[in-house]
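Chemist:
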Ligand code: HPA
Ligand code: ZN
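This is the structure:
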């Protein structure tokens with residue numbers, strides 16, 4: 003419950019989540035439980051792994067993206083079986099449902115699993131089963147976005163694209179697009195030009211993390227070299243007025259993750275994010291949770307944090323909710339259904 007006047011409005015507003023790493027929904031409790039079940043040894047030398055509580059306390063003081071990524075990759079090492087992925091993803095959907103999320107597009111990091119000997123098929127089949135159940139139980143529609151780890155060799159990204167493209171989860175649309183994540187600075191988008199070109203040719207959607215820790219060059223690099231349809235994070239776009247105009251004109255959606263940006267010290271407080279600047283410049287933005295188990299905030303928490311910091315109007319909230327739907331990769335019929343749910347909800351609110 004936040005202190006804003008619009009809390010009740012935000013709570014029941016139909017929402018779309020477009021920036022969520024499924025591995026980032028692994029809570030310390032589940033991490034310890036799966037480590038025990040799967041007999042995975044956690045690093046004894048790090049006192050953070052003494053207990054779920056100690057780990058949670060460590061999550062409260064991340065110093066940077068790379069500090070977080072260190073724990074993120076150790077954390078996901080406990081995920082081994084198809085059932086582990088199904089459980090993880092179903093827990094996420096059920097939590098998202100309580101926040102009135104009606105459509106979610108979910109990142110996963112295949113390279114972080116195949117390099118530990120977990121088959122690509124195990125990961126995708128596990129998550130796809132949770133997607134099926136979530137649709138049945140909660141009516142949530144969803145898509146998967148396969149991310150490449152930018153701090154791994156480019157050849158590995160190419161190999162994983164080929165692996166995915168030869169699989170039925172590609173042709174049946176379960177995997178709707180590709181993304182680019184992990185350490186940003188030093189791994190510019192242009193490195194991945196070829197694999198993004200192949201994806202475009204195959205009719206696959208494209209997004210990339212850019213402008214989280216990297217500057218505006220990483221954003222223009224992603225737009226020019228990767229032909230992305232949206233940008234994940236992108237908050238450092240505000241440092242380049244010309245580029246901001248271009249992004250507004252081209253209607254490229256930024257999937258902003260406010261609580262993540264504070265936890266990873268991209269900004270000191272949500273109020274320091276350029277959200278007002280983006281809205282005034284006509285940049286399309288939406289709000290998301292990124293890695294909620296690590297950053298301590300799910301979808302509604304992120305909406306509330308923005309409302310407390312900026313006091314957006316109901317019309318502005320409607321605009322960001324609609325921007326998320328329009329920028330999503332749901333089919334046209336589903337988009338119209340969600341847009342109409344939002345419209346009805348907002349009209350009946352006053
Ligand atoms: N940035 C980059 N890589 C990531 C993130 C993020 O916020 N979360 C999970 N992998
Ligand atoms: Zn992210």
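Numbering (the numbering used here), first residue to last: 3 to 352. Note that the Cβ used here is the ideal one computed from N, Cα and C, for glycine as well.
(1) Out of 284, 274, 185 and 324, which one is the CA nearest neighbour of residue 308?
(2) Spatial neighbours of residue 253 within its chain, please: C-beta separation below 6 Å, excluding the five flanking residues on both sides.
(3) Within its chain, find whatever has a CB closer than 7 Å to the CB of residue 289; leave out the 5 residues flanking it on each side and keep chain order.
(4) Between 245, 136 and 346, which has its C-alpha nearest residue 93's C-alpha?
(5) Less than 8 Å between the CB atoms is what I'm expecting for residue 180 and residue 152, so what's the real figure, rounded?
(6) Can residue 211 be considered in contact with the ligand HPA, in the sense that its beta carbon sits closer than 7 Å to one or more heavy atoms?
(7) From residue 133 to residue 125, what does the alpha carbon distance come to, in whole angstroms?
(8) Report yes if the C-beta distance between residue 239 and residue 225 is below 8 Å; otherwise report no.
(9) In three-state terms, what does DSSP make of residue 118?
(10) Can you tell me whether residue 103 is helix, strand or coil according to DSSP?
(11) For residue 144, which beta-bridge partners are listed by DSSP?
(12) Ignoring anything shorter than 4 residues or poking outside the stretch 238-301, list the alpha helix (DSSP H) runs there in chain order.
(13) For residue 65, collect the residues of the same chain with a Cβ closer than 7 Å to its Cβ; drop the 5 residues on either side in sequence, then sort them by chain order.
(14) Between the beta-carbon of residue 108 and the beta-carbon of residue 144, is there less than 8 Å?
Modeler: If we stick to the structure as given:
(1) Position 306 of the chain shown holds residue 308. The shortest Cα separation from residue 308 among 284, 274, 185 and 324 belongs to 274.
(2) One-based indexing of the chain shown puts residue 253 at position 251. Non-local beta-carbon contacts of residue 253 in its own chain, meaning distances under 6 Å to residues more than five positions away in sequence, involve 286 in chain order.
(3) As a position in the chain shown, residue 289 is number 287, starting the count at 1. Within the same chain, residue 289 has close Cβ partners 258, 260, 304, 305, 308 and 322.
(4) Within the chain shown, residue 93 is the residue found at index 91, counting from 1. For the residues 245, 136 and 346, the minimum Cα distance to residue 93 belongs to 136.
(5) Walking along the chain shown from the start, residue 180 turns up at place 178. Walking along the chain shown from the start, residue 152 turns up at place 150. With 8 Å as the limit, residue 180 and residue 152 do not qualify as a contact, their Cβ atoms being about 12 Å apart.
(6) Taking the chain shown and counting its residues from 1, one reaches residue 211 at position 209. Yes, since a heavy atom of the ligand HPA falls inside the 7 Å radius drawn around the Cβ of residue 211.
(7) Stepping through the chain shown from its first residue, residue 133 is reached at position 131. Stepping through the chain shown from its first residue, residue 125 is reached at position 123. If you take the alpha carbons of residue 133 and residue 125, they lie about 13 Å apart.
(8) Your numbering for residue 239 matches position 237 in the chain shown. Your numbering for residue 225 matches position 223 in the chain shown. No; because the gap between Cβ atoms is not below 8 Å, this pair is not in contact.
(9) For the purposes of this step, residue 118 is identified with residue 116 of the chain shown, where counting begins at 1. In this structure, residue 118 counts as coil in the three-state DSSP scheme.
(10) Taking the chain shown and counting its residues from 1, the one referred to as residue 103 is at position 101. Strand at residue 103.
(11) Mapped onto the chain shown, residue 144 falls at position 142. Its beta-bridge partners are 106.
(12) 243-251, 260-265, 277-283 and 294-297
(13) The residue labelled residue 65 in the question sits at position 63 within the chain shown. Excluding residues within five positions, the ones whose Cβ falls inside 7 Å are 267.
(14) The residue given as residue 108 occupies position 106 in the chain shown. The residue given as residue 144 occupies position 142 in the chain shown. It is a contact, given that the beta carbons lie within the stated cut-off.
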